[in-house]
Amino acid sequence: LIVVTFNFRLGLLGFRPALDVSSRGNYGIMDQVAAMHWVQENIPEFGGDPKNVTVFGHGHGAAFVNLLMLSPLARGLFQRAILQSGSA
Numbered sequence: 001l002i003v004v005t006f007n008f009r010l011g012l013l014g015f016r017p018a019l020d021v022s023s024r025g026n027y028g029i030m031d032q033v034a035a036m037h038w039v040q041e042n043i044p045e046f047g048g049d050p051k052n053v054t055v056f057g058h059g060h061g062a063a064f065v066n067l068l069m070l071s072p073l074a075r076g077l078f079q080r081a082i083l084q085s086g087s088a
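Position one of the sequence shown corresponds to residue 1 (full-length UniProt numbering), numbered consecutively onward.
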């Protein structure tokens, strides 16, 4: 078992509303997707299998796991999800 944890932007810096069509928001989700890409690229160096990745979230983290499950940006970056408490 290999555990990887990461931080991501919160609040206004992470989830500001888009002010116009060309403006992007949800940098917090993009941070999480970037972390998942890092796992895919680097986990073999730690003895892990990039085709056997489980994401886990508790409380608000469970809501973010839900978002990752729905996001096309995260497709193929993990195979299983555990949602505990929150919006599980």
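Ideal Cβ positions, reconstructed from N, Cα and C, are used throughout, including at glycine.
The model shown is predicted, which means the values in this text are computed figures rather than measured ones.
Residue i (DSSP reduced to helix, strand or coil)
i, result
"Ile2", "coil"
"Gly59", "coil"
"Gln32", "helix"
"Gln79", "coil"
"Asn42", "helix"
"Gly8", "Before going further, note that residue 8 is Phe rather than Gly in the sequence given. It is coil, neither helix nor strand."
Residue i vs residue j beta-carbon contact at 7 Å
i, j, result
"Asp31", "Arg16", "no"
"Ala74", "Val39", "no"
"Lys46", "Ile2", "One point to set straight first is that residue 46 is Phe, not Lys, in the sequence displayed. Closer than 7 Å, so yes."
"Gln84", "His58", "yes"
"Leu67", "Ile29", "yes"
Rounded straight-line distance, which links the Cα of residue j to that of residue i
i, j, result
"Thr54", "Gly14", "23 Å"
"Asn42", "Gly48", "9 Å"
"Pro44", "Leu12", "35 Å"
"Ala35", "Ala63", "17 Å"
Per DSSP, the bridge partner or partners of residue i
i, result
"Arg16", "Bridge partners of Arg16: none, in fact."
"Gln84", "His58"
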